[in-house]
Amino acid sequence: MTSRPALITVLLTATLLGQTAAQQQSVLSGRTNGVAWTLYGPGPLPNLSAQSSQLRLSAPPQATVLGAKYQQDAQNALLVYRQNAPLRTTFDFHDQQLRAQGFTRSNMNLTGNDARASYTRNGSSLQLTLTHSDTTHNVYRAQLELSELTSLNATNTSRDASAAPGNALLSDEGNTDRLGYLVFGPVALDNLQRDEKVIRLSVPQGATLVDAQKEDEDIRLSFRSTQTLAQITEFYSRQFQAQGFERMPSTAANEPQKTGATFSRTNTRNRIEWTAEREENGTYQLLFNFEGARDGNTVSGQERGVPFANTTPSQNTEAAPLYSHEMNGLRYDLYGPDFRMDTLTRDEQRVRLAVPPSATNIDRPALIDNDVTLEFASPQPLREVFDHYDRQFRQQGFSQVSGQLTESATEIIARYARGDRTVRFTVERETGTPARYVVTLDFTP
């Protein structure tokens, strides 16, 4: 992997609909030049104030958020959403939010599908760029350029690099049914202890952060470090154990440059899957899968002290697949909704894929020409279904082929590769309640 600028990316795959101000979700938050900022889902933001020390921006009330990203080298925060409204109406919504926070607009340029404006407050400045990037699907990109924003208060110019929650690269406050998290850069996390609401993780000190992303239930970290894979493993094992997690037994064999583990917390259903891979240039690729951490922070009395893996004996990863197909020496096993993704690792002999846990009315897979197709019903949005399969491919060593992802309102197509083996994956959404999905594996080279 070549060196890339530090990048924080959050991809939202859940549709945010009808949220009140009290329910409004933060999409992405961070700190630039000592100034805290947060991007929110659709809806007006209450209590905006010119005295606030935090910058806040949200998508318009009727928008559907598609994603958010922070590019650290350029110090830009980007919010992408779908909104059926004219450019000027959409711009005015953001303009009013900034003005309500004490910003004064110094200039504005509205040309074609772009609106640009500069703002100042207490000697600091920022620029808002709103682009109607896809007029066919009404996609807007609202970008805040924060490089000149040094302070919202005239006396505040600090650059706090501590492990305070506001300095987290990625954060999720969680709730009673889902463990939250705070992910930091290369800072010391002192006095870690069990917290029933959140887990704290960081990049090892001395490492250089390359990338930090949140994708559904996954957190991905990329950093360069001179430490060995064994040292990285020990570093994160200590962080997990200090917060009440235990490493679960595993029969999977580690590879020379790749390892993984599942950590569970007793007296809860919290389970986090962790993998780390070292590349030749000393870059580490880490994946934290929090899917098991959403299963609840408490369990019933008879379950206390029993690891989560033992509380669901009906979920057998070695149960017979619904269908198997061999292509070029690699077997593809397709499973039903009870398959447990936490045991997925790279297997040179086979690939295992399962329908989402929400799937019902599953039709038996069929081989047509060179394609394997599978149909099922699910109430989940199209993107969530796709991301479910995307995680399974990635956990087994596949990567998306660059430039081979296409997405529409009813279909997502991607090509995956692992070594010299490739597969074209398609998920198509058909009408119905719940929606009907058709998944296709195309093995044509």
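FYI, the numbering for the sequence shown is -21 to -1, 1 to 424, going by mature numbering (1 follows the signal peptide of the UniProt record, and there is no 0).
Cβ coordinates follow ideal geometry from the N, Cα and C atoms, glycine included.
Computed from a prediction, not measured in an experiment: that's the story for all the values here.
Between Val330 and the set Tyr416, Glu256, Asn55 and Ala396, the nearest pair of CA atoms involves Ala396. Straight across, the Cα-Cα distance linking Leu332 with Arg61 is about 31 Å. Cβ-Cβ distances below 6 Å link Tyr302 to Leu313 and Pro344 in the same chain, with the five nearest sequence neighbours on each side left out; the list follows chain order. For Gln106, DSSP records a beta bridge to Ser97 and Glu124. Arg84 is positioned such that its CB atom lies closer than 8 Å to that of Asp74.
In the three-state reduction of the DSSP assignment, Leu66 falls in the helix class, which pools H, G and I. DSSP places Ala221 in the helix class (H, G or I) of the three-state scheme. In the assembly as shown, Ala209 is an exposed residue. Its beta-carbon has fewer than 16 other beta-carbons within 10 Å.
Cβ-Cβ separation between Gly164 and Val189: approximately 11 Å, too far for a contact (criterion under 8 Å).
If you draw a straight line from the Cα of Ala221 to the Cα of Gln206, it is about 21 Å long. According to the DSSP assignment, His304 belongs to no alpha helix (DSSP H) but to the beta strand (DSSP E) extending over Tyr302 to Met306. Ala356 sits close to Ala414, with the two beta carbons spaced by under 8 Å. Counting only residues of its own chain and dropping the five nearest sequence neighbours on each side, Ser126 has a CB closer than 6 Å to the CB of Gln54.
About 4 Å separates the beta carbons of Thr419 and Thr405, which is inside the 8 Å limit, making them a contact pair. Between Gln80 and Arg10 a beta carbon distance of about 16 Å is seen, past the 8 Å cut, so the two are scored as non-contacting. Distance from the CA atom of Arg325 to the CA atom of Gln371, rounded to whole angstroms, is 10 Å.
Only residues of its own chain outside the window of five on either side were considered, and among them Phe70, Ala94 and Ala121 have a CB closer than 6 Å to the CB of Leu109, listed in chain order.
For Gln30, the number of other beta carbons within 10 angstroms of its own is below 16, and it is reported as exposed. Residue pairing by DSSP places Thr17 opposite Ser8 and Arg35 in a beta bridge. One alpha carbon belongs to Gln106, the other to Tyr160, and they sit about 31 Å apart. Pairing Thr212 with Val59, the inter-Cα distance amounts to about 35 Å.
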